[in-house]
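Engineer: Can you read through this structure? Questions will come right after.
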Amino acid sequence: MNGAVPLLVLGPLLGSAVSLLLGPWPRLQRALGAVVLTGSLAVAASLLVAADDTGPVVARLSGWDAPAGITLVADRLSALVLTIALAICLAIFGYAIGQGSAEDRVEHVPSVFHPTYLALVAGINMALLSGDLFNLFVGLEVMLASSYVLITLGATSERVRLGAMYIVISLGASIGLLTTVALFYATTGTVNLADLSTVLSDVPPPVRTALQLMLLLTLATKAAVVPLHMWLPDSYPSAPAPITALFAALLTKIAVYALIRTQTLLFPREEPWLLLLVLAGATMLVGVVGGLVQDDANRLLSFLLVGHIGYMLFGLALASAEGLRGSIIYLVHHMTAQAALFLVIDLAQRRRGSTSLSELGRATAAAPALSGLILIAALNFGSVPPLAGFVAKLALLQAAVTDGTAAVMAVAAVAVLAALLTLAVMGRIFVQLYWGAPPAELSEPDGDAIDVHSRTSMRLMRGSTTVVVSAGIVLAAAAGPLAAVTGRAAEDLTVRTPYQEAVLGDLGGLP
2 MNGAVPLLVL GPLLGSAVSL LLGPWPRLQR ALGAVVLTGS LAVAASLLVA
52 ADDTGPVVAR LSGWDAPAGI TLVADRLSAL VLTIALAICL AIFGYAIGQG
102 SAEDRVEHVP SVFHPTYLAL VAGINMALLS GDLFNLFVGL EVMLASSYVL
152 ITLGATSERV RLGAMYIVIS LGASIGLLTT VALFYATTGT VNLADLSTVL
202 SDVPPPVRTA LQLMLLLTLA TKAAVVPLHM WLPDSYPSAP APITALFAAL
252 LTKIAVYALI RTQTLLFPRE EPWLLLLVLA GATMLVGVVG GLVQDDANRL
302 LSFLLVGHIG YMLFGLALAS AEGLRGSIIY LVHHMTAQAA LFLVIDLAQR
352 RRGSTSLSEL GRATAAAPAL SGLILIAALN FGSVPPLAGF VAKLALLQAA
402 VTDGTAAVMA VAAVAVLAAL LTLAVMGRIF VQLYWGAPPA ELSEPDGDAI
452 DVHSRTSMRL MRGSTTVVVS AGIVLAAAAG PLAAVTGRAA EDLTVRTPYQ
502 EAVLGDLGGL P
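According to the working numbering, the sequence shown is numbered sequentially starting from 2.
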């Protein structure tokens, strides 16, 4: 399986280049994108099975052994997140084709949606598989550079303005991350993650702490951790709906993954990290409270996205295998749940042409299938049992109770409060969409009369949305196997030895 790992980066990159050449033939672009994404998903799923059975799958590019060469690593954590991410990318790709974002053109200029989308997927895959800090940075930058194009797709003045803010803040965080990588190399002579995990113990504690905090700061900015979060609620809703769903599902989660990977591998702890506990609690509370006062549905969901990043940080802050298992389960759940909410809200707003909740009264009353999708997505995000959201929060709270210290229990109380407030917000959305008063100019919800898309396109959009919403049910039904594989992934993170041995072996060397 080692040879399959680079395909997850090279495949989408090559597909992106070919797709750019196929600009005048959008049907071929769509077919190529579907083939590349489906093939990548199949490879990722096979790597997940292999990593869970036999341990990390390592690819050493050009025959150079670690720590000198470029290493791609698919262990339980990266392969699991990669598989879920690619499944979401494929579903949202179908939705985008149906919606028409993929056909966005200016005069006769070939569409850039397809090649940019595949380039973003390549960046995601590289960031998840990277075995060193520099290529983690490169993967994140390929992902973000692609997102700069996608977030301004359509080029309205408002979208460009909000996209510019997103770009400026992202570039600032990227410069900080690159500087941090350079300081790691200047201090230790290596950027390989497995190698760093063995040599950082020899670095003076003040220097090691400074490196840890710099890495935390830059990745926390990309993950929209409070108080570094204000760029997200303004920028994400400005993009086309499927792009917003993709960003909300994946971009911040890749940064959270990077936090989990680097903090556990490079800076292992045996007791909860108070700083991260405070950030987790503040992120939960600020995000959810911010969502309570929003009228625009997409902005509301963006604030909730910020709030629920705090739950993933909570498990990481506990510094235990149980806490990390909870973080991983929550990461997987939130990737699917957040995408589902943005997609169902987009379907609802198409019946009124507005994302304002006050103008969406009874928007789904005449659409029982859509109402059902919104109800399932809302219940899942609100952590109502037995859906995946409940399973994820239960895992985190169990880990908190096991720890039992005062600081941890205080943050656990904040987590419960934030969960109740989230459920209240979900209830507000559903009640407004199904029973709320319609706008004064509408005597009754109009529905399909406003829809300018063909029936085939709408079926594709609804089908893609149904797949993403159903993930909450599937993850809940597979709670046992999910808990088992995430538990083993968490053990790998705390022990570190399987990762180190798989990457370094006998410490390799130059060829």
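Glycine residues also receive a C-beta, built at the ideal position from the N, C-alpha and C atoms.
What's the call for T1, buried or exposed, on a 16-neighbour Cβ count within 10 Å?
Structural biologist: Shown here, the chain extends from 2 to 512; a query on residue 1 therefore has no answer.
Engineer: Our contact map puts A416 next to G327 with C-beta atoms below 8 Å; I'd like the distance itself, whole angstroms only.
Structural biologist: Counted from its first residue, the sequence shown places residue 416 at position 415. Counted from its first residue, the sequence shown places residue 327 at position 326. Between G327 and A416 the Cβ distance is about 10 Å, and since that is not below 8 Å, they are no contact.
Engineer: Who are the near neighbours of R209 in its chain, counting only those whose CB is closer than 7 Å to its CB and skipping five residues on each side?
Structural biologist: For this step, residue 209 is matched to residue 208 along the sequence shown. Correct list, in chain order: L201.
Engineer: How many Å lie between A450 and M166 at the Cα?
Structural biologist: Translated into positions along the sequence shown, residue 450 becomes position 449. Translated into positions along the sequence shown, residue 166 becomes position 165. Caution is warranted here: a pLDDT of 44 is assigned to A450, below 50, making its placement in the model unreliable, and the coordinate value is therefore given only provisionally. One C-alpha to the other measures close to 36 Å.
Engineer: Three-state secondary structure (DSSP) at A396?
Structural biologist: Residue mapping note: residue 396 aligns to position 395 of the sequence shown, counting from 1. A396: helix per DSSP, three-state reduction.
Engineer: Please go through the same chain and pick out, in chain order, the residues whose beta-carbon is closer than 6 Å to the beta-carbon of L178, but skip the five residues on each side of it.
Structural biologist: Taking the first residue of the sequence shown as 1, we reach residue 178 at position 177. The answer, listed in chain order, is F138 and T219.
Engineer: Helix, strand or coil for A408? Go by DSSP, reduced to three states.
Structural biologist: For the purposes of this step, residue 408 is taken as residue 407 along the sequence shown, with counting starting at 1. Of the three classes helix, strand and coil, the one that applies to A408 here is helix, per DSSP.
Engineer: Below 8 Å between beta carbons: does that hold for A322 and A484?
Structural biologist: As a working mapping, residue 322 is identified with position 321 in the sequence shown. As a working mapping, residue 484 is identified with position 483 in the sequence shown. No, Cβ-Cβ distance for A322 and A484 is not below 8 Å.
Engineer: Where does E271 land, buried or exposed, given buried means 16+ other C-beta within 10 angstroms?
Structural biologist: Residue numbering aside, residue 271 sits at position 270 when the sequence shown is read from its first letter. With fewer than 16 other Cβ atoms within 10 Å, it is exposed.
Engineer: Mind pulling the alpha helix (DSSP H) runs of 4 or more residues that sit fully within the region 110-152?
Structural biologist: 114-130 and 134-152, all fully within the region 110-152.
Engineer: Under three-state DSSP, which class holds R489?
Structural biologist: If you number the sequence shown from 1, residue 489 lands on position 488. R489 falls in the helix class under three-state DSSP.
Engineer: Run through DSSP, which three-state label would D513 get?
Structural biologist: Because the chain here runs from 2 to 512, residue 513 falls outside it and cannot be looked at.
Engineer: With DSSP as the reference, identify every bridge partner of L73, one or two as the case may be.
Structural biologist: For the purposes of this step, residue 73 is taken as the residue at position 72 of the sequence shown. Partner(s): A60 and S131.
Engineer: Which same chain residues end up closer than 7 Å to L376 when comparing Cβ atoms and leaving out the 5 residues on each side of it in sequence?
Structural biologist: Counting from one through the sequence shown, the residue named residue 376 turns up at place 375. Contacts found: F431.
Engineer: Take every Cβ of the region 40-49, pair it with every Cβ of the region 66-86, and state whether three or more of those distances are shorter than 8 Å.
Structural biologist: The region 40-49 is in contact with the region 66-86.
Engineer: Taking DSSP's pairing of strands, which residues face S357 in a bridge?
Structural biologist: Taking the first residue of the sequence shown as 1, we reach residue 357 at position 356. D297, per the DSSP bridge assignment.
Engineer: Determine which residues share a DSSP beta bridge with N193 and list them.
Structural biologist: As a first step, residue 193 must be located in the sequence shown, where it is residue number 192. Answer by DSSP bridge pairing, in chain order: D133.
Engineer: Where do the N-terminal and C-terminal ends of the alpha helix (DSSP H) with N381 fall, by residue?
Structural biologist: On the sequence shown, residue 381 is found 380 positions in, with the first residue counted as 1. P369 to F382 is the extent of the alpha helix (DSSP H) around N381.
Engineer: Count the other CB atoms, across all protein chains shown, that sit within 10 Å of the CB of D493; report buried if there are 16 or more and exposed otherwise.
Structural biologist: Residue 493 sits at position 492 when you count from the first residue of the sequence shown. Per the 10 Å Cβ criterion, buried.
Engineer: Can you find at least 3 beta carbon pairs, one from the region 178-195 and one from the region 225-236, that sit closer than 8 Å?
Structural biologist: Result no; under three Cβ-Cβ pairs closer than 8 Å.
Engineer: Pull up the CB-CB distance for A318 and A281, whole angstroms please, since I reckon it's below 8 Å.
Structural biologist: Within the sequence shown, the letter at position 317 stands for residue 318. Within the sequence shown, the letter at position 280 stands for residue 281. Rounded, the Cβ-Cβ distance is 5 Å, consistent with contact.
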